[in-house]
Amino acid sequence: MANTLVETTAKLSEIKNTILNWHNPNLSRREKILINRLRIGHARLTHKFLMAKEEPTQCTACGVTLTVKHIITECHKYSDELRKYNIPTNMSEALGPDIENISNMWLVFLRKIDFHSNQI
279 MANTLVETTA KLSEIKNTIL NWHNPNLSRR EKILINRLRI GHARLTHKFL MAKEEPTQCT
339 ACGVTLTVKH IITECHKYSD ELRKYNIPTN MSEALGPDIE NISNMWLVFL RKIDFHSNQI
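What follows is the structure, given as structure tokens:
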């Protein structure tokens, strides 16, 4: 019981129900940061409005608030690219502990949609 997260609405709880570390030894520090930011749902693209004191960024394709979860699970704009790189459209599968198996595909996908360099 001590190793489980309390049920919450936190973004991370959707993909991780334990407080134990997930090890990703084959990823660079930058890649680990990128993946962990996606896991907690915090990226510049989706949260820059907070620093700029603006309204939340809207998805140009769907007209809803842009979130990491929206990009992975709902957005039609990115669905073909997600399929192309075999990235699951389920948060726990896409960003769960076995991310090493798909981390290279994630990195290619993020570069392809121009999310990788300036938006994380």
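If you're matching positions, the sequence shown starts at 279 in the numbering used here and goes up one per residue. In this text, a Cβ means the ideal position worked out from N, Cα and C, and glycines have one as well.
CA-to-CA distance, residue j to residue i, given in whole angstroms
{"i": "lysine 331", "j": "aspartate 392", "result": "24 Å"}
{"i": "isoleucine 311", "j": "histidine 320", "result": "11 Å"}
{"i": "isoleucine 318", "j": "alanine 339", "result": "23 Å"}
{"i": "proline 411", "j": "glutamine 336", "result": "Nothing can be reported for residue 411: it is not among the residues displayed for the chain, which extend from 279 to 398."}
{"i": "tyrosine 356", "j": "isoleucine 349", "result": "7 Å"}
{"i": "glutamate 352", "j": "asparagine 368", "result": "10 Å"}
{"i": "glycine 341", "j": "lysine 347", "result": "15 Å"}
{"i": "arginine 308", "j": "arginine 322", "result": "15 Å"}
{"i": "serine 381", "j": "serine 370", "result": "14 Å"}
{"i": "phenylalanine 387", "j": "asparagine 364", "result": "10 Å"}
{"i": "leucine 373", "j": "asparagine 304", "result": "15 Å"}
Among the options, nearest to residue i - alpha-carbon criterion
{"i": "threonine 343", "options": "Lys355, Thr324, Asn382", "result": "Thr324"}
{"i": "arginine 315", "options": "Lys362, Asn368, Thr345, Cys353", "result": "Thr345"}
{"i": "serine 306", "options": "Leu385, Lys390, Arg389", "result": "Leu385"}
{"i": "arginine 389", "options": "Met369, Leu360, Gly374", "result": "Leu360"}
{"i": "tryptophan 300", "options": "Phe387, Pro375, Lys347, Asn382", "result": "Pro375"}
{"i": "lysine 430", "options": "Pro334, Met383, Ser370", "result": "As displayed, the chain neither begins before 279 nor continues past 398, which places residue 430 out of reach and without an answer."}
Cβ-based burial, residue i [other Cβ within 10 Å; buried from 16]
{"i": "leucine 328", "result": "exposed"}
{"i": "threonine 282", "result": "Any reading at threonine 282 needs caution, since the residue's pLDDT is 46, under 50, leaving its predicted position unreliable; the model's value is listed next. With fewer than 16 Cβ atoms within 10 Å of its Cβ, threonine 282 is classed as exposed."}
{"i": "lysine 326", "result": "exposed"}
Quick check for students: name the residue ranges of the alpha helix (DSSP H) that lie wholly in the region 287-373, counting only runs of 4 or more. The region 287-373 contains these whole alpha helix (DSSP H) runs: 307-318, 322-330, 354-362, 369-373.
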